[in-house]
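All residue numbers for the sequence shown refer to our numbering, where the first residue is 331 and numbers rise by one.
For each residue, glycine too, the CB sits at the ideal point set by N, CA and C.
First the structure, in the form of structure tokens, and then the observations on it.
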Amino acid sequence: MDELDFTSRPAKSAIYDPGVARNCFESLGRVELVSQGGQFFAENQNSDKMYLLVEGDVSLIRGRKVLDVVKAGEIFGEMAAISQLPRSATAAAKTACRAISLDTSQFQGAIQQKPEFALMLMNIIINRVRLTAALVSKTLTGVGKSFERRVFDEALLGRLVDHLSHRPPVHAPLNKVIMKEGEGGVFMYVVLDGQVAISIKSKVVEHIGPGGFFGEMALVDQSPRAATATAESDCDLLSINRNDFLNLVKADPAFAVSLLKALSERLRYMTSHHK
Numbered sequence: 331m332d333e334l335d336f337t338s339r340p341a342k343s344a345i346y347d348p349g350v351a352r353n354c355f356e357s358l359g360r361v362e363l364v365s366q367g368g369q370f371f372a373e374n375q376n377s378d379k380m381y382l383l384v385e386g387d388v389s390l391i392r393g394r395k396v397l398d399v400v401k402a403g404e405i406f407g408e409m410a411a412i413s414q415l416p417r418s419a420t421a422a423a424k425t426a427c428r429a430i431s432l433d434t435s436q437f438q439g440a441i442q443q444k445p446e447f448a449l450m451l452m453n454i455i456i457n458r459v460r461l462t463a464a465l466v467s468k469t470l471t472g473v474g475k476s477f478e479r480r481v482f483d484e485a486l487l488g489r490l491v492d493h494l495s496h497r498p499p500v501h502a503p504l505n506k507v508i509m510k511e512g513e514g515g516v517f518m519y520v521v522l523d524g525q526v527a528i529s530i531k532s533k534v535v536e537h538i539g540p541g542g543f544f545g546e547m548a549l550v551d552q553s554p555r556a557a558t559a560t561a562e563s564d565c566d567l568l569s570i571n572r573n574d575f576l577n578l579v580k581a582d583p584a585f586a587v588s589l590l591k592a593l594s595e596r597l598r599y600m601t602s603h604h605k
């Protein structure tokens with residue numbers, strides 16, 4: 331996989347609160363000590379843990395290249411823990427380190443107790459998506475054929491509709507522009523019926539069908555839309571704002587887990603299909 335170098339990562343958003351992160355990890359996690367030169371995990375290893383670094387520095391290494399250095403108060407290892415895919419880098423202790431780990435079940439418990447934690451993890455991944463999009467925007471080739479990425483299965487989709495019964499689905503007729511690149515936004519959308527095309531700089535990069543979602547960056551920082559979404563057929567969409575999101579995570583952690591997993595897969599896709 332030809333992934334990008336995140337050494338020059340974007341500045342943290344105000345939404346990332348080290349105190350909230352530490353509280354989530356400390357309430358359910360486990361302290362781990364790694365001596366200088368030791369490893370938290372190795373490249374290509376299967377592991378379901380994510381970490382909050384409390385003391386020390388951790389180097390993230392792919393092959394022999396240092397991609398980043400994690401500092402105290404930062405989270406690392408979340409991508410593989412969420413996606414359940416092998417590690418894409420080695421995490422080596424640059425100095426003696428103390429960290430707190432969360433496995434999959436502990437992570438789900440943490441986001442149910444503190445829904446804001448899920449929003450913070452979204453922020454971390456979305457910042458990487460934004461950086462990746464900026465780096466590869468000049469080489470985007472679009473998708474060769476239509477495909478649908480289902481994130482929420484029928485059962486979870488039904489629960490989402492029930493939780494948001496106060497907000498009727500939005501209907502978007504064929505060819506309607508649902509959101510436009512560069513505009514502001516406060517909602518993300520889940521497709522209930524129909525298909526939506528996602529384009530960046532007029533190039534279609536994804537097709538989203540029932541059970542898929544788009545516009546999630548608005549939940550984190552309400553910054554300008556990174557893409558345009560256009561209805562490719564008559565569509566019914568579920569709109570979700572930040573308060574809805576927090577309530578959904580608290581009521582049904584599977585919603586956040588599915589969303590975070592899809593974001594992780596989107597980042598992996600973007601970094602492995604650019605030219």
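Along the alpha helix (DSSP H) that carries residue i, what are the first and last residues, could you check?
i, result
"R489", "E484 to H493"
"F575", "R572 to A581"
"T434", "T434 to Q443"
So is residue i buried or exposed if we call it buried at 16+ other beta carbons inside 10 Å?
i, result
"V516", "exposed"
"V520", "buried"
"S431", "buried"
"P554", "exposed"
"T462", "buried"
"V399", "exposed"
"V481", "buried"
"S532", "exposed"
"V361", "exposed"
"N457", "buried"
"V535", "buried"
"K506", "exposed"
"G393", "exposed"
"S495", "exposed"
"D574", "buried"
"G541", "buried"
"G524", "buried"
In chain order, what residues of the same chain have a beta carbon less than 7 Å from the beta carbon of residue i, not counting five sequence neighbours either side?
i, result
"F477", "The pLDDT assigned to F477 is 45, lower than 50, so where the model puts this residue is not dependable, and the model offers no usable value."
"L486", "A584, F585 and S588"
"T425", "Q366, G386 and D387"
"G439", "L358"
"K591", "I412 and S413"
"K475", "Its pLDDT being 44, under 50, K475 is placed unreliably in this model, and the coordinates cannot settle the point."
"R352", "L382"
Report back the beta-carbon spacing between residue i and residue j to the nearest angstrom; my notes put them in contact at under 8 Å.
i, j, result
"E385", "A402", "6 Å"
"V459", "R596", "7 Å"
"T434", "A448", "Not really, about 14 Å apart at Cβ, beyond 8 Å."
"F543", "M518", "6 Å"
"I405", "L382", "5 Å"
"P503", "D564", "6 Å"
"G514", "Q552", "6 Å"
"A559", "G545", "7 Å"
Excluding sequence positions up to five away, which residues of its chain have a Cβ less than 6 Å from the Cβ of residue i?
i, result
"L363", "R428"
"M452", "V550"
"V500", "L567 and S569"
"P445", "L576, V579 and K580"
"I454", "none"
"G368", "A423"
"R609", "No answer is possible for residue 609: it lies beyond the span of the chain, which begins at 331 and ends at 605."
"I441", "F447, A448, V579, P583 and A586"
"M380", "G407, E408, A411 and L432"
"P340", "Here P340 scores only 38 on pLDDT, less than 50, and its place in the model should not be relied on; the value that follows carries that caveat. N457 and L461."
"C354", "A440, K444 and F447"
"L593", "I455"
Terminal residues of the continuous beta strand (DSSP E) containing residue i?
i, result
"D398", "K395 to V400"
"E362", "R360 to V364"
"A548", "Looking at the DSSP string, A548 is not in any beta strand (DSSP E); the run it does join, the alpha helix (DSSP H), is M547 to D551."
"E408", "Taken as a continuous stretch (DSSP letters only), E408 belongs to no beta strand (DSSP E), being part of the alpha helix (DSSP H) at E408 to S413."
"D523", "M518 to D523"
"V507", "V507 to M509"
"H501", "V500 to A502"
"A559", "T558 to A561"
"Q369", "Q369 to F371"
"V623", "The shown model of the chain, from 331 to 605, leaves out residue 623, and the question about it has no answer."
"T420", "T420 to A423"
"E536", "K533 to I538"
"V481", "From DSSP, V481 is part of no beta strand (DSSP E); its letter is neither H nor E."
"S389", "V388 to R392"
"A527", "V526 to I530"
Enumerate in chain order the residues of its own chain whose CB-to-CB distance from residue i is below 8 Å, with the five nearest sequence positions on each side excluded.
i, result
"E356", "I430"
"V350", "K444, E446, F447 and M450"
"S377", "F371, G407, A410, A411 and R417"
**Asked** Within the chosen definition, does the region 405 to 418 reach the region 364 to 383 through at least 3 CB pairs nearer than 8 Å?
**Response** Yes, they touch.
**Item:** At least three beta-carbon pairs within less than 8 Å, the region 571 to 584 to the region 525 to 534
**Value:** Judged by pairs of C-beta atoms under 8 Å, the region 571 to 584 does not touch the region 525 to 534, as fewer than three such pairs exist.
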